[in-house]
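Going from the sequence shown to the working numbering is simple: count from 1 and add 1. A short worksheet on the structure shown next.
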Amino acid sequence: MTPRHFRTAAIMAAVAAAEEQTWRSSQLTLRNDSGAVFYLVGDERVSPWHDIPFVAGQDSATGRPLLSFVCEIPRGTSAKVEIHKTHPHNPLVQDVNKDGSPRYYVYSPAIVNYGAVPQTWEDPTVPDEHTGLGGDNDPIDVLQLNETPCPAGAVQRVRVLGALALVDGGETDWKLLVVDPDDPAAPSWSEVTDIPEERLGEVRDWYRMYKTAEGKGENEYGLGGQPIGAAQALDVARQTHALWGSPTGRAQCTFNGERCWGMDAGGSAVRVRDEL
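Dropping the structure here:
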């Protein structure tokens, strides 16, 4: 079945905003095609999932690697936009409900900048060492805690502070807790213990409860809802990067009965340089 795309006001506004910004990676541009947001290098389409590098440089403040972050849902917005796993070149597309209508957060607008780390995958067939459950078949999720909304579609560098082991429908759905250190207004946090407890509790509760507004049950957390620190969270991210790169695992990636685009031996023809 061909994936359906919707030219919603939310998507169009996001595209307009993103096309006006100066990219941190000067190689990348965005283009809207019938409501789907594609990434390009020159005139050639690239995948935000497979072609943007996992590591985005070294963090001089911590000595740890910075990771790449693709902004899917800016803080304060409600359109449920995500990297489409089966459409060629994996554009950003607004999710849809079972009746085909565009999906929005019902609980409240997003309280973080939400997105994903490229070149990662939570394999449903591999139990996570912390939860004992397989992954949710998506790139690893990112909760960016900056006050400044990220431009929709932006590719940014992020500092990993820690992670929460969300369990959604019996699947492991890690949430990396990060900040954008290049934002002049960014807090100078370097570890999960630097996040104010009130802010951490707000985020933890939101992702536990948000689906209840859609008539679904609460999500759960592994590890008793306690976050892991930066070093462990980076190890989790590296594991999902390794799963993304595993030929045996990635060949099994499907979504709605279709093969995941770019998860075969071929993938995309263009790679974005490692420097963002």
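Even glycine gets a Cβ: it sits at the ideal position worked out from N, Cα and C.
Beta bridge counterpart(s) of residue i as assigned by DSSP
{"i": "residue 164", "result": "177, 229"}
{"i": "residue 31", "result": "40"}
{"i": "residue 145", "result": "114, 179"}
{"i": "residue 93", "result": "38, 84"}
{"i": "residue 260", "result": "255"}
Coil, strand or helix - residue i by DSSP
{"i": "residue 243", "result": "helix"}
{"i": "residue 159", "result": "strand"}
{"i": "residue 66", "result": "strand"}
{"i": "residue 195", "result": "helix"}
{"i": "residue 23", "result": "Below a pLDDT of 50, predicted positions are generally treated as unreliable, and residue 23, at 34, falls in that range; no measurement from the model is reported."}
{"i": "residue 123", "result": "coil"}
{"i": "residue 153", "result": "coil"}
{"i": "residue 78", "result": "coil"}
{"i": "residue 219", "result": "coil"}
{"i": "residue 6", "result": "The predicted model places residue 6 with a pLDDT of 36, which falls under 50 and marks its position as unreliable, so this point remains unresolved."}
{"i": "residue 169", "result": "strand"}
{"i": "residue 71", "result": "strand"}
{"i": "residue 104", "result": "coil"}
{"i": "residue 207", "result": "helix"}
{"i": "residue 238", "result": "helix"}
{"i": "residue 265", "result": "coil"}
{"i": "residue 212", "result": "helix"}
{"i": "residue 52", "result": "coil"}
{"i": "residue 201", "result": "helix"}
Limits of the beta strand (DSSP E) - the one that residue i falls within
{"i": "residue 116", "result": "114-117"}
{"i": "residue 46", "result": "45-47"}
{"i": "residue 58", "result": "56-59"}
8 Å Cβ cutoff, residue i in contact with chain B
{"i": "residue 77", "result": "Judged by its chain identifiers, the structure shown contains no chain B, having just a single protein chain."}
Bounding residues of the alpha helix (DSSP H) (the contiguous stretch that carries residue i)
{"i": "residue 132", "result": "No alpha helix (DSSP H) holds residue 132; DSSP gives it neither H nor E."}
{"i": "residue 248", "result": "248-251"}
Cβ contact (3+ pairs, closer than 8 Å) linking the stretch 183-195 and the stretch 120-137: Flag = no, the stretch 183-195 and the stretch 120-137 do not touch.
Three CB pairs or more closer than 8 Å across the stretch 38-47 and the stretch 161-179: no
Any 3 or more C-beta pairs closer than 8 Å across the stretch 86-96 and the stretch 245-263: yes
Stretch pair the stretch 136-155 + the stretch 72-82: three plus CB contacts closer than 8 Å: Counting C-beta pairs closer than 8 Å gives three or more between the stretch 136-155 and the stretch 72-82, which meets the contact rule.
Cβ pair count under 8 Å reaching 3, the stretch 130-139 against the stretch 171-179: yes
Inter-stretch contact (C-beta, 8 Å, three-pair minimum) for the stretch 108-122 and the stretch 210-221: yes
Inter-stretch contact (C-beta, 8 Å, three-pair minimum) for the stretch 48-65 and the stretch 111-123: yes
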